[in-house]
Amino acid sequence: MLPPSIEMVRQLVATPSVSSPDQRFDQSNRGVIELLAEWAAGLGFVVRIESLAGDPGKANLIATLGEGEDGLVLSGHTDTVPFNAERWTDDPLVLTEREGKLFGLGTADMKGFFAAALHAVSRFDPAAIRRPITILGTADEESTMNGARALAEKGERLGRYAIIGEPTGLRAIRKHKGVFCVRVTVGGKAGHASNPALGVNAIEGLQRVIAALQSWRDTIGDRYHDEDFEVPTPTLSFGRISGGDSPNRICAECTLEVDIRLLPGMERQAVVVELRDVVANALAEGSWTSDLRAVGGHADAFSGPSDAAFTGTVETLCGCSAESALFGTEAPYLAELGLQTLVLGAGDIAVAHQPDEYVTIAAIERATDLYARLIQRFCTDAP
Ligand SMILES: [Zn+2]
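For what it's worth, the working numbering labels the leading residue of the sequence shown as 251, then goes sequentially.
Right under this line is the structure:
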């Protein structure tokens, strides 16, 4: 017997599973994996826990009910982003219910998903499952995507269709942009501020780089365009800048970190090469040094399932037409496994990664109903 959905979310939220490229915040996700494994085993799933190579604190869960080639994968990530407890109204690790909303870290993104998915499965007699239903719980989606990457590298066939339960307000998402970050470092030479000739000012170099990146952004918007997206062009956003140590010293080094979102069809490696040229050209008339590299994790763009019938069926069941999103998911990795993949889950992406993140109880119930209809359609013989 599964605990009630709210109790499941409460236990999942109380089990911290932060993933972060910053080692000070990074935590194991095994507590969450073990809770999910216990619940899934109780429903008759065959459960596997696969540690990530070289990182015993991190694991993926693969739980399968039924046998065969086809079938449906319900997939979610088990990790959350780091948090600032002092910016929350209540303790982010203690589920707090107010006015039909469940507040807590990861409620929308995406621990609530697992309660909905497992409760959807619990409505079926395992004997009625003709094609397998698989619950995937991945590690490190919020940082490196290493969990999904490990699954893609292993190449195991997990089913024919997949739903990723990221918070989409229960609208189906069929394509999304790719996301990655680059860090630009401009090197100069320190010197006394009284005489500019004594040094090479990295801040002044970076200023040229910023101007060049802005004009690159304009030209790339002319080259690539996809009206399916609310923001129809690739984007480049300046997120962090640092450098220098004192006003009376010429700045010797400066770094800039940039968020870049690519449209489906754009190659991340090619963009990095292009940006390196942009930076080098911007600094060509001076004696600065420069370095540009991709940092942190990345999500590739996702161009959607090729099986229009699958998309159509999901659209009918959720009463919506599939849209595009501006955020990245693990969908490209599941697509690599041959899974026809859509993103569809309870909660609002706008409250994810924020203090006072929440999902409504009603949305979890609607997600449960929806996943049950998908299981019925794709895993049983019932119409
Ligand atoms: Zn997420």
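The C-beta atom is built at its ideal place from N, Cα and C for all residues, glycine as well.
Among the residues of its own chain, which have a CB less than 6 Å from the CB of residue i, if the five just before and after it don't count?
i: N498; result: A443
i: A260; result: Ala is not the amino acid found at residue 260; the sequence shown has Arg there. Excluding residues within five positions, the ones whose Cβ falls inside 6 Å are L345.
i: A532; result: R458, V459 and A462
i: G281; result: T265
i: V268; result: F275, Q277, T330 and P332
i: T485; result: R511
i: S301; result: A309
i: A544; result: F430, V432 and V522
Rounded to the nearest angstrom, what separates residue i and residue j at their Cα positions?
i: E319; j: L587; result: 13 Å
i: V521; j: F479; result: 20 Å
i: I312; j: I385; result: 6 Å
i: G449; j: S537; result: 10 Å
i: D631; j: A461; result: 60 Å
i: K425; j: E580; result: 12 Å
i: A440; j: G471; result: 37 Å
i: F353; j: D606; result: 6 Å
i: G437; j: R467; result: 23 Å
i: N310; j: A551; result: 22 Å
i: P376; j: T328; result: 25 Å
i: G415; j: L324; result: 7 Å
i: A613; j: L368; result: 15 Å
i: R337; j: A358; result: 18 Å
i: G387; j: P482; result: 32 Å
i: K361; j: A389; result: 12 Å
i: G409; j: D557; result: 14 Å
i: I379; j: S372; result: 11 Å
i: G397; j: D305; result: 11 Å
If we call anything under 8 Å between Cβ atoms a contact, is residue i one with residue j?
i: L506; j: V609; result: no
i: P611; j: A370; result: According to the sequence displayed, residue 611 carries Ile and not Pro. Their beta carbons are not under 8 Å apart, which means I611 does not touch A370 by this criterion.
i: G583; j: R399; result: Looking at the sequence provided, one finds Tyr at residue 583 rather than Gly. Taking 8 Å as the Cβ cut-off, Y583 and R399 qualify as a contacting pair.
i: K427; j: L594; result: no
i: N445; j: C501; result: no
i: L420; j: I383; result: no
i: A600; j: A366; result: no
i: G493; j: P271; result: no
i: S487; j: V508; result: yes
i: V297; j: L355; result: no
i: A602; j: P342; result: no
i: A617; j: L592; result: no
i: I413; j: S574; result: no
Can you say whether residue i is buried or exposed, counting buried as having 16 or more other CB atoms within 10 angstroms of its CB?
i: M516; result: buried
i: N639; result: The first residue shown for the chain is 251 and the last is 633, placing residue 639 beyond what the model contains.
i: M251; result: exposed
i: H475; result: exposed
i: K308; result: buried
i: G489; result: exposed
i: A291; result: exposed
i: R511; result: buried
i: G350; result: exposed
i: R473; result: exposed
i: Q590; result: buried
i: R381; result: buried
i: G569; result: exposed
i: E477; result: exposed
i: E524; result: exposed
i: G578; result: buried
Please go through the same chain and pick out, in chain order, the residues whose beta-carbon is closer than 8 Å to the beta-carbon of residue i, but skip the five residues on each side of it.
i: A303; result: A400
i: E347; result: I256, F353 and I611
Note down, in chain order, each residue of its chain lying with its Cβ closer than 7 Å to the Cβ of residue i, except the 5 sequence neighbours on either side.
i: R526; result: L542
Determine, for residue i, whether the minimum Cβ-Cβ distance to residues of chain C falls below 8 Å.
i: D329; result: Looking at the structure shown, chain C is missing, and only one protein chain is on hand.
**Q.** Segments of 3+ residues assigned as beta strand (DSSP E) that fall wholly inside the region 294-378
**A.** 296-302, 305-315, 322-327, 346-348 and 351-353, all fully within the region 294-378.
Q: Please go through the region 539-588 and give each complete beta strand (DSSP E) segment of 3 or more residues, from N-terminal end onward.
A: DSSP runs (the beta strand (DSSP E)) wholly in the region 539-588: 539-549 and 573-575.
Q) Residue ranges of each beta strand (DSSP E) run of no fewer than 3 residues wholly in the region 425-497, ordered along the chain? A) The qualifying runs are 428-437 and 485-493.
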